[in-house]
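**Q**
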Amino acid sequence: MHAIEHVAAQAILGFGLFVVLFYIVINSFYLAIHGLALFELRDDLRESRWTPPFQVFASPFYPGIGVVVPAYNEATTITESVQSLLSLNYPDVEITVVNDGSTDETLTVLDEQFDLQPVDAEIPVEMPSEPVHQVYRSAVYEELLVIDKENGGKSDALNAGLWLTEMPLCCAIDSDTIIDRDALLALVRPFLERPNATVASGGVVRVANGSTVEDGIVESVSLPRTGLPGLQVMEYLRAFYSGRLGLDRAGGLILISGAFGLFETETVREIGGYRRDTITEDFDIVVRLHRYLIDNDREYSVQFVPEPVAWTEVPSDHRALGRQRRRWYRGMVETVVTNRGMLFNPAYGRVGVVILPLFVAAEMFGRLVEGLGYLVLPLAVFLGVLNVEFFLVFFVLTTGFGVFLSWFSVFSEVWSFNRYDSPWQVLRLLWYGVLENFGYRQWRTVVAWRGLIQYLRGTEGWGRSERTGFDTDED
């Protein structure tokens, strides 16, 4: 009996040491990424202050952009989103809304608001999407097209827009997203700087909950009134102004948000468009671009641009947010498993040897290990296998360092674009950076475990949340 207890104690001790060492490695990775992000942000701020010596809208150098907006049951937000896109400052843009077999009034709302007229359109035989019923053009705005098709999912809808556009660049955004008016002018910059190499660029996504939206434009920026969307503001700041910037600086940007990304149309077609059997098409498409272009020995660039902003409505209750995050986690696992041949493969350079493995360790396994740590280490302390000091080290490595990284992101936001310019809002952000580590962070580990179980069971489904529409009457 004593031998069994000794083995159990040693196993728990070994696991505890593993958890602490694991988080030392992961937090070192996060610290390096955040540090690189600060240097990248500094350089991007310097470049953004440069004014081109020509009139933007008179320049022949800006390539045409086809903005593709998949829409499924988005009647509550589609008008504001389209109005936002129609007000974009860009010399050559075409807006394509893809009604993906909506069962609500999405198509009716579009017709009523923008006077849709049927047009003859040649549908490519090789287009990887469900059948198209009709293509419409607005009688009010010539640059607005609407594709009405059978339901096939977000990737399927994106492929329809991608194959029907004649623009050299394609911008994929979510239908519940509002883009700043000058966002495309900034997002296209990498394609102007390296036209023969750039294949994709991504912008920033921010939380729109609580902000005032008028005629498809975010008129004033405010933090959400409720706590859960506020915690997501902190997450989005950390993900974009630290995570994406740092990966960009390291030359290994492997994720562009599906809510706001710009791609070279022909290159995406070359890889077969968006995979229709994935639930996180944004992560999948970028990893596949890296893989395809490296396999074909082509010089390329995938960049993050911190200046352009897209605003999105985030879930405001735990049930809807849990569905969304489980879907994200399942999709991440799916993409990693599908592209596992890249892991630790020298043929894929720093992306395969360094960036992707560390990303997998931190984002896929990190929360799983953390969740086990919350269960096993307190038990080990209770049984006397580990001392309290050991558990406190684990707590500091997770919670304490999490607060530090969140505050680091707040500093980057205040130092750079400062959208939340009120001292009170900054204080609230700092408070959210503390609050998210007590309860919300632990809840995310549970969500990760549930997402893994769903993946192993082969669970399918989008798990989308209902949209309530953007605020238009806040003070």
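Each residue of the sequence shown is one higher than the last, beginning at 6 in the working numbering. Ideal Cβ placement from N, Cα and C applies to all residues, glycine included. In this text the structure is predicted, and so the values were computed from the model without any measurement.
Cα separation between Arg-449 and Glu-368?
**A** Within the sequence shown, numbered from 1, the residue matching residue 449 stands at position 444. Within the sequence shown, numbered from 1, the residue matching residue 368 stands at position 363. The straight-line gap from Cα to Cα measures roughly 11 Å.
**Q** Which residue from Pro-136, Leu-167, Gly-157, Gly-158 puts its Cα closest to that of Leu-150?
**A** Numbered from its first residue, the sequence shown carries residue 150 at position 145. Ranking Pro-136, Leu-167, Gly-157, Gly-158 by Cα distance to Leu-150 puts Leu-167 first.
**Q** Please list, in chain order, all residues of the same chain as Thr-464 whose beta carbon is under 6 Å from its beta carbon, the five residues on each side excluded.
**A** As a working note, residue 464 is residue 459 in the sequence shown. Within the same chain, Thr-464 has no close Cβ partners at all.
**Q** Which of the three DSSP states is assigned to Tyr-141 in this structure?
**A** For the purposes of this step, residue 141 is taken as the residue at position 136 of the sequence shown. In the structure shown, Tyr-141 sits in a strand (DSSP, three-state: E or B).
**Q** So, for Val-356: in the same chain, excluding its five sequence neighbours on each side, which residues have a beta-carbon less than 6 Å away from its beta-carbon?
**A** For the purposes of this step, residue 356 is taken as residue 351 along the sequence shown, with counting starting at 1. So the qualifying residues of the chain are Gly-257, His-295.
**Q** I'd like the list of long-range same chain contacts for Gln-122, defined as Cβ closer than 7 Å, with 5 residues on each side in sequence excluded.
**A** Walking along the sequence shown from the start, residue 122 turns up at place 117. Cβ within range, chain order: Tyr-141, Arg-142, Ala-144.
**Q** For the beta strand (DSSP E) that Thr-217 lies in, which residues bound it at each end?
**A** Position 212 of the sequence shown, counting from 1, holds the residue named residue 217. Note, Thr-217: beta strand (DSSP E), 217 to 219.
**Q** Taking DSSP's pairing of strands, which residues face Ile-31 in a bridge?
**A** Locating residue 31 in the sequence shown gives position 26, where the first residue counts as 1. According to DSSP, Ile-31 bridges with nothing at all.
**Q** Between Pro-351 and Ala-188, how many whole angstroms is the CB-CB distance? I'm expecting something under 8 Å.
**A** As a working note, residue 351 is residue 346 in the sequence shown. As a working note, residue 188 is residue 183 in the sequence shown. Not really, about 37 Å apart at Cβ, beyond 8 Å.
**Q** Quick one: grab the DSSP three-state call for Val-310.
**A** Numbered from 1 along the sequence shown, position 305 holds the residue referred to as residue 310. Note: Val-310 maps to strand in three-state DSSP.
**Q** Quick one: any contact between the stretch 258 to 266 and the stretch 426 to 445, if contact means 3 or more CB pairs under 8 Å?
**A** no
**Q** Can you tell me whether Trp-436 is buried or exposed? The criterion is at least 16 other CB atoms within 10 Å of its CB, across all chains shown.
**A** Taking the first residue of the sequence shown as 1, we reach residue 436 at position 431. Looking at its Cβ environment, which holds fewer than 16 other Cβ atoms inside 10 Å, Trp-436 is exposed.
**Q** Which residues does DSSP pair with Ile-222 in a beta bridge?
**A** For this step, residue 222 is matched to residue 217 along the sequence shown. DSSP lists Glu-219 as partners of Ile-222.
**Q** Quick one: give me the first and last residue of the alpha helix (DSSP H) that Ala-162 is part of.
**A** Here the question's residue 162 lines up with position 157 in the sequence shown. Per DSSP, the continuous alpha helix (DSSP H) segment holding Ala-162 begins and ends at 159 to 169.
**Q** Spatial neighbours of Pro-195 within its chain, please: CB distance less than 8 Å, with the 5 preceding and 5 following residues excluded, ordered by chain position.
**A** Taking the sequence shown and counting its residues from 1, one reaches residue 195 at position 190. The answer, listed in chain order, is Thr-203, Ser-206, Ser-306, Gln-308, Val-310.
**Q** For Asp-287, report the span of its alpha helix (DSSP H) as first-last.
**A** For the purposes of this step, residue 287 is identified with residue 282 of the sequence shown, where counting begins at 1. It spans 286 to 300 - the alpha helix (DSSP H) in which Asp-287 sits, taken as one unbroken run.
**Q** Note the first and the last residue of the continuous alpha helix (DSSP H) segment covering Val-319.
**A** Stepping through the sequence shown from its first residue, residue 319 is reached at position 314. Looking at the DSSP string, Val-319 is not in any alpha helix (DSSP H), and its letter there is neither H nor E.
**Q** DSSP state of Gly-257, grouped into three classes?
**A** Position 252 of the sequence shown, counted from the first residue, corresponds to residue 257. Secondary structure at Gly-257: coil, using DSSP grouped into helix, strand and coil.
**Q** If you measure between the beta carbons of Leu-384 and Gly-21, is that distance less than 8 Å?
**A** Here residue 384 refers to the residue found at position 379 when the sequence shown is read from its first residue. Here residue 21 refers to the residue found at position 16 when the sequence shown is read from its first residue. Against a cut-off of 8 Å, the Cβ pair of Gly-21 and Leu-384 comes out as no contact.
**Q** Which residue marks the beginning of the beta strand (DSSP E) containing Ile-183, and which one marks its end?
**A** Counted from its first residue, the sequence shown places residue 183 at position 178. First-last of the beta strand (DSSP E) with Ile-183: 182 to 184.
**Q** As a quick exercise: from Phe-399, Phe-443, Val-419, pick the residue whose alpha carbon is nearest that of Ile-29.
**A** Start at 1 with the first residue of the sequence shown, and residue 29 comes out as number 24. Ile-29 has its Cα closest to that of Phe-399, out of Phe-399, Phe-443, Val-419.
**Q** Using only CA atoms, which one of Tyr-379, Leu-348, Gly-354, Leu-380 lies nearest to Ala-366?
**A** Translated into the one-based positions of the sequence shown, residue 366 becomes position 361. Out of Tyr-379, Leu-348, Gly-354, Leu-380, Leu-348 has the C-alpha closest to the C-alpha of Ala-366.
**Q** Please report the Cβ distance between Lys-154 and Ser-180, rounded to the nearest whole angstrom; I am assuming they are in contact, meaning their Cβ atoms lie under 8 Å.
**A** Within the sequence shown, numbered from 1, the residue matching residue 154 stands at position 149. Within the sequence shown, numbered from 1, the residue matching residue 180 stands at position 175. No, Lys-154 and Ser-180 are not in contact; Cβ-Cβ is about 14 Å, not under 8 Å.
**Q** Let's test the definition: count the other Cβ atoms within 10 Å of the Cβ of His-138 and tell me whether it reaches 16, buried, or not, exposed.
**A** Reading the sequence shown from its first residue, position 133 is the one you call residue 138. Counting Cβ neighbours within 10 Å, His-138 comes out exposed, since fewer than 16 surround it.
**Q** With Gln-277 as the anchor, note down where its alpha helix (DSSP H) starts and where it stops.
**A** Counted from its first residue, the sequence shown places residue 277 at position 272. Checking the displayed sequence, the identity of residue 277 turns out to be Gly instead of Gln. Taken as a continuous stretch (DSSP letters only), Gly-277 belongs to no alpha helix (DSSP H), as it is neither H nor E.
**Q** Beta-carbon within less than 6 Å of Asp-49's beta-carbon, same chain only, minus the 5 sequence neighbours each way: which residues are those?
**A** For the purposes of this step, residue 49 is identified with residue 44 of the sequence shown, where counting begins at 1. Excluding positions up to five away in sequence, the list reads Pro-311.
**Q** Could you pull out every residue in the same chain whose Cβ sits closer than 7 Å to the Cβ of Val-408, ignoring the five residues on either side in sequence?
**A** In the sequence shown, residue 408 corresponds to position 403, counting from 1. If we look at Val-408 and ignore the five residues flanking it on each side, its Cβ neighbours are Gly-438, Val-439, Asn-442.
**Q** Considering Ser-206, what are the terminal residues of the beta strand (DSSP E) in which it resides?
**A** Within the sequence shown, numbered from 1, the residue matching residue 206 stands at position 201. Segment 203 to 212, the beta strand (DSSP E) holding Ser-206.
**Q** Check each candidate in Ile-31, Val-72, His-39, Val-103 and name the one with the smallest Cα separation from Leu-410.
**A** If you number the sequence shown from 1, residue 410 lands on position 405. Nearest option by C-alpha distance: His-39.
**Q** Using the C-alpha atoms, what's the distance from Leu-112 back to Asp-300?
**A** Numbered from its first residue, the sequence shown carries residue 300 at position 295. Numbered from its first residue, the sequence shown carries residue 112 at position 107. Near 42 Å, if we compare the C-alpha coordinates of Leu-112 and Asp-300.
**Q** Can you give, in chain order, each stretch of the beta strand (DSSP E) that sits fully within the stretch 73 to 131 and has at least 3 residues?
**A** 98 to 105, 121 to 124
**Q** Determine the DSSP secondary structure at Gly-266, reduced to helix, strand or coil.
**A** Reading the sequence shown from its first residue, position 261 is the one you call residue 266. Looking at Gly-266 - three-state DSSP - the assignment turns out to be strand.
**Q** With C-beta atoms as the reference, is Ser-89 less than 8 Å away from Gly-221?
**A** Here the question's residue 89 lines up with position 84 in the sequence shown. Here the question's residue 221 lines up with position 216 in the sequence shown. Contact flag set, yes.
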